[in-house]
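Asker: Got a structure here, written out as structure tokens. Questions coming.
Protein chains: 2
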Amino acid sequence: MDDLGQADRAEPEETRIRAARIQDVAQLADVSTATVSRALATPERVSPEARARVLEAIAKTGYVPNPAARSLRSQKTFMVLVVLPDLSNTFFSKILRGIEETLFEAGYGMIISDLDGSPEKEAHFAAFTAAGRVDGAILLNGHLFGQSREGEGQPARLTIPLVALCEAIPGADIPQIEIDNRAAASRMTQHLASLGHRRIAYVSGPANNILERERFLGFKDGLEAAGLPFDPALVIPGDYTIEAGIRAGQGLVARAERPTAVFCTSDEMAIGMMRTLLSAGLRVPHDISVAGFDDIEFAAVAEPSLTTIHQPRRELGQAAASALIDCLQGRASPKRIRLDTELVLRDSVAPLQGGA
Amino acid sequence: MDDLGQADRAEPEETRIRAARIQDVAQLADVSTATVSRALATPERVSPEARARVLEAIAKTGYVPNPAARSLRSQKTFMVLVVLPDLSNTFFSKILRGIEETLFEAGYGMIISDLDGSPEKEAHFAAFTAAGRVDGAILLNGHLFGQSREGEGQPARLTIPLVALCEAIPGADIPQIEIDNRAAASRMTQHLASLGHRRIAYVSGPANNILERERFLGFKDGLEAAGLPFDPALVIPGDYTIEAGIRAGQGLVARAERPTAVFCTSDEMAIGMMRTLLSAGLRVPHDISVAGFDDIEFAAVAEPSLTTIHQPRRELGQAAASALIDCLQGRASPKRIRLDTELVLRDSVAPLQGGA
DNA sequence: TCACCCTATGTAATCGATTACATGCAACTT
DNA sequence: AAGTTGCATGTAATCGATTACATAGGGTGA
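Sequence order for the protein chains is A and B.
If you're matching positions, the first sequence starts at 1 in the working numbering and goes up one per residue.
If you're matching positions, the second sequence starts at 357 in the working numbering and goes up one per residue.
Structure follows, in structure tokens:
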């Protein structure tokens, strides 16, 4: 395919339209390229007349600075990498939107990397940042990457500003944007307890996940605050997916002595859970209450509608992007931002019924 | 901050880690930069010994080619722009995943632009592509952009390979990846009719949307095939969102003479619809059947589970990315790819009940 | 009036990789 | 043996914008 290269070049007629260069603009405006560049970057350092001529020439030629050239010289890409574990997860998409909005307003583009649990991909994108393809990165995956292979040589690593979103990265000295998972989980647990529930099951996130650890601590906090004992038998493993909720539900249905309330640490799991319970003939919330976490769009229209913890997803994205932009532009950025959550009461949770 | 430039240079100690350049590798391997470049791009044109030395030097220095420099010279960015109307929509996120996967395997990165209905954003990204920041673009928004302002000057526009996904762009001579919306809608309509339903309502997508037009035609096809008359009163405007489904549902509940089945042209609307009907005391599917379109994750766990049209979303994304990569690499790419849909039968649709 | 400073602008080095062209050398042809 | 071919490699031009440094001209103060 590269053999075509010469043909492209030889062709005198405009087979392919060439974009205007800064040279073209300079010629048309009768100034030097330096003046054109300055007219755009630091208008106050150019005389009004020259600036006007330059702007006119730009309009006439449709000039747009070549980003590769600009980036090569100035070592800035105006691109930000967003690393996340699963692009198709509803929870992330709204956060992404918040990030994109904010980045866009500041003139940054967004490159997305869906790690999909693949270490190779992770390595690739670590190299990607190291190669200076992006000015900064927002991590939604709960850990730093490019874990320095300690071996000989110790290749020089470029470090760029990072921000951790949602899954705080312990020990990393970077801005972290998060909600207070522990407090929120505690609050939900206490809410369930306050409705009379004594046997409250907990469907967890993936083991070792930082969110999970926080929420689990919050769950225990809540139990303690309500004076309830912690029963390991009521902890059901999950991984935030619908399927995990379904599996957890099947396990519950099969039990002789069922809990009267289930706290699922994601809405997806809660919805899968409710589905399974209902299919098995149990009534939610009459026979068993189900609570979620996240407040995704579908929580409000689930049947029954889901009591959950509202996370300000868009705002989280915006805050992360803002923090990163602060770093990129040399401003101080807050080291830790905690956004408030809200307990959203809907129909999937009800006071303990007399019998059960 | 650029004043540091000299300091960097003067400073012998590593104040700031500089990424290895091709020069460094060349020196270490005792070859020229051209050989290093060739060892990477066209290994067969370099002697095995030289190649080995180069690779070793690369490993030792952790060299990664500077993408800005590479792109400046070779006019390639290895980046693809994906333009979509709403990033937070569940429907798109799985498609995105398919796109990302495929692009990644081919060595391309993905830049996402969420248009969010903003013409300015659209203009910005049109300029973005024109500036050569990406090698190609995948459009999910149903129309081309950068609508040439015809005025004087006629700025030179760089044109890059494009691919349209899902919403075919009429008149555009670019590869289009889609499903047969019309046939799928017809099929669903006939399915409803075959169960005895005579009054079938249709909840539409946004007016002027190409998907909508196709599906609407399919709906009419289906009615005709089933020998049912088309009744404009049974067409309810929507826009694919949950809220639209809720509103449409409220409208239905208020009616004196209700349809016995509703075909919502998105799962989101169907779920909102079911929610509203159930809240109003109607039973789904006993009193009224509800069908959706898309088969998003939540369709299977809705209550009742949703009968819908399955779209192979991940495959759609993959196909679009493949087609684009074909274009980018000078290979021929199919002009039109149609992936198959599937009618998924679940619980939200049932045969017409005796009474109603 | 001279020295000095400040502003507006131009000249040219620079960022780092790719690649056209040149060169040197070995192998093969006649 | 001279000429031809072809491979491996090096040299240096090139991509397009930014920006350090140089310079010219106008204004101010002594």
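Ideal placement from N, C-alpha and C gives every residue a C-beta, glycine not left out.
Strictly below 7 Å CB to CB, what residues from chain A border M466(B)?
Answerer: Taking the first residue of the second sequence as 1, we reach residue 466(B) at position 110. Proximity of chain A to M466(B) at the Cβ level (cut-off 7 Å) is accounted for by I111, I112, in chain order.
Asker: Near D703(B), what residues of its chain come up, given a Cβ to Cβ distance below 6 Å and the 5 sequence neighbours on each side ignored?
Answerer: The residue labelled residue 703(B) in the question sits at position 347 within the second sequence. P660, S661.
Asker: Would you call the stretch 641-652 of chain B and the stretch 431-444 of chain B in contact, with 3 or more CB pairs under 8 Å?
Answerer: no
Asker: Starting from V609(B), trace the beta strand (DSSP E) in both directions and tell me its first and last residue.
Answerer: Residue 609(B) sits at position 253 when you count from the first residue of the second sequence. Counting along the chain, V609(B) sits inside no beta strand (DSSP E); it lies in the alpha helix (DSSP H) bounded by residues 598-610.
Asker: Determine whether the Cβ of T90(A) lies closer than 8 Å to any Cβ atom of chain B.
Answerer: The residue labelled residue 90(A) in the question sits at position 90 within the first sequence. Answer yes: the Cβ-Cβ gap between T90(A) and chain B drops below 8 Å somewhere.
Asker: Report the rounded CA-to-CA distance for R336(A) versus A539(B), giving the unit in angstroms.
Answerer: Walking along the first sequence from the start, residue 336(A) turns up at place 336. Walking along the second sequence from the start, residue 539(B) turns up at place 183. Going by the C-alpha atoms only, they are around 53 Å apart.
Asker: Mark N537(B) as exposed unless 16 or more other C-beta atoms lie within 10 angstroms of its C-beta, in which case mark it buried.
Answerer: Translated into the one-based positions of the second sequence, residue 537(B) becomes position 181. With 16 or more other Cβ atoms within 10 Å, it is buried.
Asker: Enumerate in chain order the residues of its own chain whose CB-to-CB distance from V705(B) is below 8 Å, with the five nearest sequence positions on each side excluded.
Answerer: Stepping through the second sequence from its first residue, residue 705(B) is reached at position 349. For V705(B), where only same-chain residues beyond five positions count, the Cβ hits under 8 Å are H547, L548, L551, A617, P641, S645, V646, A647, T663.
Asker: For the stretch 299-329 of chain A, which residues have a beta carbon sitting closer than 9 Å to at least one beta carbon of chain B?
Answerer: A300, V301, A302, E303, P304, S305, R313, R314
Asker: Thinking C-alpha only, which one of E534(B), L584(B), S542(B), R571(B) is nearest R555(B)?
Answerer: Mapped onto the second sequence, residue 555(B) falls at position 199. R555(B) has its Cα closest to that of L584(B), out of E534(B), L584(B), S542(B), R571(B).
Asker: Give me whichever residues DSSP pairs with C620(B) in a beta bridge.
Answerer: Reading the second sequence from its first residue, position 264 is the one you call residue 620(B). Its beta-bridge partners are V559(B).
Asker: Please list, in chain order, all residues of the same chain as M110(A) whose beta carbon is under 7 Å from its beta carbon, the five residues on each side excluded.
Answerer: The count along the first sequence starts at 1 and reaches residue 110(A) at position 110. Within the same chain, M110(A) has close Cβ partners V80, V82, I99, E100, L103.
Asker: Tell me the rounded alpha-carbon separation between I378(B) and L55(A).
Answerer: One-based indexing of the second sequence puts residue 378(B) at position 22. One-based indexing of the first sequence puts residue 55(A) at position 55. Distance between the alpha carbons of I378(B) and L55(A) is about 38 Å.
Asker: Less than 7 Å between C-beta atoms, sequence neighbours within five positions excluded: which residues of the same chain meet that for T417(B)?
Answerer: In the second sequence, counting from the first residue as 1, residue 417(B) sits at position 61. A376, D380, V381, L384.
Asker: Along chain B, in chain order, which residues have C-beta atoms closer than 7 Å to that of R187(A)?
Answerer: On the first sequence, residue 187(A) is found 187 positions in, with the first residue counted as 1. Those do not exist, as R187(A) stays about 26 Å from chain B at its closest Cβ, beyond 7 Å.
Asker: Can you find a CB in chain A that lies within less than 8 Å of the CB of I516(B)?
Answerer: Counting from one through the second sequence, the residue named residue 516(B) turns up at place 160. Not an interface residue.
Asker: What separation, rounded to the nearest whole angstrom, lies between the Cα atoms of C166(A) and Q329(A)?
Answerer: Indexing the first sequence from 1 puts residue 166(A) at position 166. Indexing the first sequence from 1 puts residue 329(A) at position 329. Those two C-alpha atoms are separated by around 23 Å.
Asker: Considering V646(B), what are the terminal residues of the beta strand (DSSP E) in which it resides?
Answerer: By one-based count along the second sequence, residue 646(B) stands at place 290. Where V646(B) is concerned, the enclosing beta strand (DSSP E) stretches over 645-647.
Asker: Any beta carbon of chain A sitting closer than 8 Å to that of N497(B)?
Answerer: Taking the second sequence and counting its residues from 1, the one referred to as residue 497(B) is at position 141. Taking Cβ atoms only, chain A never reaches closer than 8 Å to N497(B), which makes this a no.
Asker: So which residues of chain A does S645(B) contact, with C-beta pairs closer than 7 Å?
Answerer: Stepping through the second sequence from its first residue, residue 645(B) is reached at position 289. Per Cβ cutoff of 7 Å: no residues; S645(B) is ~16 Å from chain A at best.
Asker: Residues in the same chain with beta-carbon distance under 8 Å from L579(B), minus the five sequence neighbours each way, listed in chain order, please.
Answerer: Here residue 579(B) is taken as the residue at index 223 of the second sequence, counted from 1. Once the five neighbours on either side are set aside, the close Cβ partners of L579(B) are T545, A549, I556, P585, F586.
Asker: Tell me the rounded alpha-carbon separation between C620(B) and F128(A).
Answerer: Here residue 620(B) refers to the residue found at position 264 when the second sequence is read from its first residue. Here residue 128(A) refers to the residue found at position 128 when the first sequence is read from its first residue. When rounded, the distance between both Cα atoms is 43 Å.
Asker: Which residues of chain A have a Cβ atom closer than 9 Å to the Cβ of E400(B), listed in chain order?
Answerer: The residue given as residue 400(B) occupies position 44 in the second sequence. Neighbours of E400(B) on chain A: none; closest Cβ ~14 Å, over 9 Å.
Asker: Using DSSP bridges, identify the partner residues of L521(B).
Answerer: For the purposes of this step, residue 521(B) is taken as residue 165 along the second sequence, with counting starting at 1. The partner list for L521(B) (beta bridge, DSSP) reads I533(B).
Asker: Under 8 Å, Cβ to Cβ, is there at least one residue of chain B near L64(A)?
Answerer: Position 64 of the first sequence, counted from the first residue, corresponds to residue 64(A). The amino acid occupying residue 64(A) in the given sequence is Val; Leu does not appear at that position. At least one chain B Cβ lies under 8 Å of V64(A).
Asker: From the DSSP output, which residues share a beta bridge with L336(A)?
Answerer: Here the question's residue 336(A) lines up with position 336 in the first sequence. At residue 336(A) the sequence reads Arg, which differs from the Leu that was named. The partner list for R336(A) (beta bridge, DSSP) reads Q176(A).
Asker: Mind checking which residues open and close the alpha helix (DSSP H) that includes T417(B)?
Answerer: Stepping through the second sequence from its first residue, residue 417(B) is reached at position 61. Element bounds for T417(B): 404-417.
Asker: Could you compute how far the alpha carbon of N445(B) sits from the alpha carbon of A395(B)?
Answerer: Position 89 of the second sequence, counted from the first residue, corresponds to residue 445(B). Position 39 of the second sequence, counted from the first residue, corresponds to residue 395(B). About 44 Å.
Asker: Using a Cβ-Cβ cut-off of 7 Å (strictly less than) and excluding sequence neighbours within five positions of R694(B), which residues of its own chain qualify?
Answerer: Position 338 of the second sequence holds residue 694(B). Correct list, in chain order: E534, I535, D536.
Asker: Give every residue of the same chain whose Cβ lies closer than 7 Å to the Cβ of R505(B), excluding the five residues on either side of it in the sequence, and list them in chain order.
Answerer: Here residue 505(B) corresponds to residue number 149 of the second sequence, with the count starting at 1. Residue placement at R505(B) cannot be trusted, given a pLDDT of 37 that sits under 50; what the coordinates show is reported in the next sentence. Same-chain partners within the cutoff: there are none.
Asker: Any beta-carbon of chain B closer than 8 Å to the one on S333(A)?
Answerer: The sequence position of residue 333(A) within the first sequence is 333, counting from 1. Output row for S333(A): interface = no.
Asker: Using a Cβ-Cβ cutoff of less than 6 Å, which residues in the same chain neighbour Y108(A) once the five nearest sequence positions on both sides are dropped?
Answerer: Working through the first sequence from its first residue, we reach residue 108(A) at position 108. Closer than 6 Å at the Cβ level, and outside the excluded window around Y108(A), lie F78, V80.
Asker: Can you grab the Cα-Cα spacing for the pair E671(B) / I451(B), in whole Å?
Answerer: Within the second sequence, the letter at position 315 stands for residue 671(B). Within the second sequence, the letter at position 95 stands for residue 451(B). Going by the C-alpha atoms only, they are around 7 Å apart.
Asker: Once the 5 residues before and after I530(B) are set aside, which same chain residues still bring their CB inside 7 Å of it?
Answerer: Reading the second sequence from its first residue, position 174 is the one you call residue 530(B). L518, V519, A520.
Asker: Determine whether the Cβ of S93(A) lies closer than 8 Å to any Cβ atom of chain B.
Answerer: Taking the first sequence and counting its residues from 1, the one referred to as residue 93(A) is at position 93. S93(A) counts as touching chain B.
Asker: Can you list, in chain order, the residues of its chain with a C-beta nearer than 7 Å to that of A676(B)? Leave out the 5 residues immediately preceding and following it.
Answerer: Translated into positions along the second sequence, residue 676(B) becomes position 320. These residues qualify, in order along the chain: I455, I494, V519, L521, I533.
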